[in-house]
Amino acid sequence: MAAKHSIQTFADLDALARHLRSLDKKVTLIFAYNGTGKTRLSMHFKEQGKQRNADGEVTSRDTLYFNAFTEDLFTWDNDLEHDRERVLRMNTASRFFSGLAELEMESRIRSFLHRYADFQFDIDYDAGTIRFWRETEENGEGEDEPILIKVSRGEENMFIWCFFLAVAQLAIEGQEAYDWVKYLYIDDPISSLDENNAIAVAAHLAHLLKKQDRVEAIISSHHTLFFNVLCNEIKKAQRYFLSREETGYCLRDTSNTPRFYHVSMLKELHEAAESGQLYTYHFNILRSILEKTATFHGFNHFGDIIKRDPDDEDGMLHQRYVQLLSHGNYSLFEPVEMLEENKQIFHKILKDFMSNYRFNPELFPEAAAEEVNA
Numbered sequence: 423m424a425a426k427h428s429i430q431t432f433a434d435l436d437a438l439a440r441h442l443r444s445l446d447k448k449v450t451l452i453f454a455y456n457g458t459g460k461t462r463l464s465m466h467f468k469e470q471g472k473q474r475n476a477d478g479e480v481t482s483r484d485t486l487y488f489n490a491f492t493e494d495l496f497t498w499d500n501d502l503e504h505d506r507e508r509v510l511r512m513n514t515a516s517r518f519f520s521g522l523a524e525l526e527m528e529s530r531i532r533s534f535l536h537r538y539a540d541f542q543f544d545i546d547y548d549a550g551t552i553r554f555w556r557e558t559e560e561n562g563e564g565e566d567e568p569i570l571i572k573v574s575r576g577e578e579n580m581f582i583w584c585f586f587l588a589v590a591q592l593a594i595e596g597q598e599a600y601d602w603v604k605y606l607y608i609d610d611p612i613s614s615l616d617e618n619n620a621i622a623v624a625a626h627l628a629h630l631l632k633k634q635d636r637v638e639a640i641i642s643s644h645h646t647l648f649f650n651v652l653c654n655e656i657k658k659a660q661r662y663f664l665s666r667e668e669t670g671y672c673l674r675d676t677s678n679t680p681r682f683y684h685v686s687m688l689k690e691l692h693e694a695a696e697s698g699q700l701y702t703y704h705f706n707i708l709r710s711i712l713e714k715t716a717t718f719h720g721f722n723h724f725g726d727i728i729k730r731d732p733d734d735e736d737g738m739l740h741q742r743y744v745q746l747l748s749h750g751n752y753s754l755f756e757p758v759e760m761l762e763e764n765k766q767i768f769h770k771i772l773k774d775f776m777s778n779y780r781f782n783p784e785l786f787p788e789a790a791a792e793e794v795n796a
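Residue numbers for the sequence shown, in the working numbering: 423 to 796.
Structure, rendered in structure tokens:
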């Protein structure tokens, strides 16, 4: 049964932000569709953490945030005059960049970036610029010079995300320049990422947050896969579904109830299986769906809905496959396609699951057609 106060309504985003500040939770996860007000909520939350003097000047703050405005702190200078020195400029007036020159940020950023990208970079703190390259060429003095490039939009977003992670780690470690940070507020960091990197980013972020106790984190997203990986990785996180109603903003507590967006994930799996384009991360999605279904049907473990009975040897084997193949380092820079024998096992587990637990057949037309012709 849902908790008595599982649904709360707030007149405006300011009231909702105050509520989030009162939770005192290590990690709070919020799922909301685009257009609900997630980014504006993060800004209200940030503003409430500022202290001002009599002249209106900000004297202190407590929130390090990542949202669309964070990405706006970086802009491209495309060197239109010479078309050679393309650099990404940092808005160094922002406190986001305070004291970074002495903190070996390049190595900190690279420790995150190497998981997702294959380009190189360096930072000129005095000029406030960042250069990128993949290849070098020998100059007239016999030295290797980088061949500067403008990275793609997706690569740029990934670099900025890794830049933020490096700064967030400084805050988590209590580094002096960021000891003012009490909250991390992260809104949709993966808008330009494929599903493979969405899993990697979520798993990596969860690992970073689980092993610390210094800051509280609020993460909002409209991306179902990203959100579900976070839910599965951070078991004790507070989980909400945010919607906008006529009466204001509705916050539904989903921590102790099955999450309904698993249906879209199942449809995604079905389409991938039909196309034959199955990658190792699809086992992560499958496990997430199995766990939600097991919870809904009152079982303690997803293996209970794979096995037909306690002595079902095939079921026990399939349970073991899901356990093994849904763990590991997650696919990082490039998706890893399943081995053919693993694809066959995946098909079998998925087909049995969809046969035993009936979903709306209109969502899976190929499967429905097979049932009619059987």
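We treat Cβ as the ideally placed atom computed from N, Cα and C, and that holds for glycine.
- Ranking Asp484, Phe467 and Phe775 by CA distance to the CA of Trp602 puts Asp484 first.
- Under the criterion of beta carbons closer than 8 Å, Lys765 and Leu700 qualify as touching, at roughly 5 Å.
- Here the alpha carbons of Asp477 and Asp436 stand approximately 23 Å from one another.
- If you check the CB distance, Tyr662 and Ile452 come in under 8 Å.
- Taking the CA atoms as reference points, Glu560 sits about 40 Å from Tyr600.
- For Asp736, the enclosing alpha helix (DSSP H) has its first and last residue at Glu735 to Leu747.
- Each residue's CA atom was taken as its position, placing Lys604 and Asn706 some 32 Å apart.
- Looking only at Tyr607, Asp609, Val637 and Lys572, the smallest Cα-Cα distance to Glu595 is reached by Val637.
- Sorting Leu606, Lys773, Val573 and Met580 by C-alpha distance to the C-alpha of Ala590 places Leu606 at the top.
- Asn722 is classed as exposed because its beta carbon has fewer than 16 other beta carbons within 10 Å across all chains shown.
- Collapsing the DSSP output to three states places Ser642 in a strand.
- Within 10 angstroms of the beta-carbon of Lys714 lie 16 or more other beta-carbons, which makes it buried.
- Within the model, the alpha-carbon separation for Ser710 versus Met687 is close to 9 Å.
- Apart from the 5 residues on each side of it in sequence, Arg440 sits with its Cβ closer than 7 Å to the Cβ of Gln470 in its chain, given in chain order.
- Pairing Trp555 with Ile571 gives a Cβ-Cβ distance under 8 Å.
- By the CB criterion at 8 Å, Leu772 and Ala695 fall inside the cutoff.
- Per DSSP, the continuous alpha helix (DSSP H) segment holding Val589 begins and ends at Arg575 to Ile594.
- Under DSSP, Glu560 shares a beta bridge with Asp566.
- The C-beta of Leu746 has fewer than 16 other C-beta atoms within 10 Å across all chains shown, which makes the residue exposed.
- In the DSSP annotation of this structure, the continuous segment of the beta strand (DSSP E) that includes Thr431 starts and ends at Ile429 to Phe432.
- Per the C-alpha coordinates, the member of Arg674, Lys689, Thr458 and Phe518 positioned closest to Leu592 is Phe518.
- Ranked by Cα distance from Ala628, the options Asn650, Phe541 and Tyr538 are led by Asn650.
- Separation of the CB atoms of Ser642 and Asp610 is rounded to 7 Å, and the pair is thereby assigned contact status at 8 Å.
- In the three-state DSSP reduction, Gly471 falls in the coil class, being neither helix nor strand.
- Secondary structure of Met760 (DSSP, three-state): coil.
- Here the alpha carbon of Leu652 sits roughly 51 Å from the alpha carbon of Gly562.
- The Cβ atoms of Ile569 and Leu510 lie no closer than 8 Å to each other.
- At least 8 Å separates the beta-carbon of Gly459 from that of Tyr743.
- Within the DSSP bridge table, the entry for Thr450 names Ile640 and Gln660 as partners.
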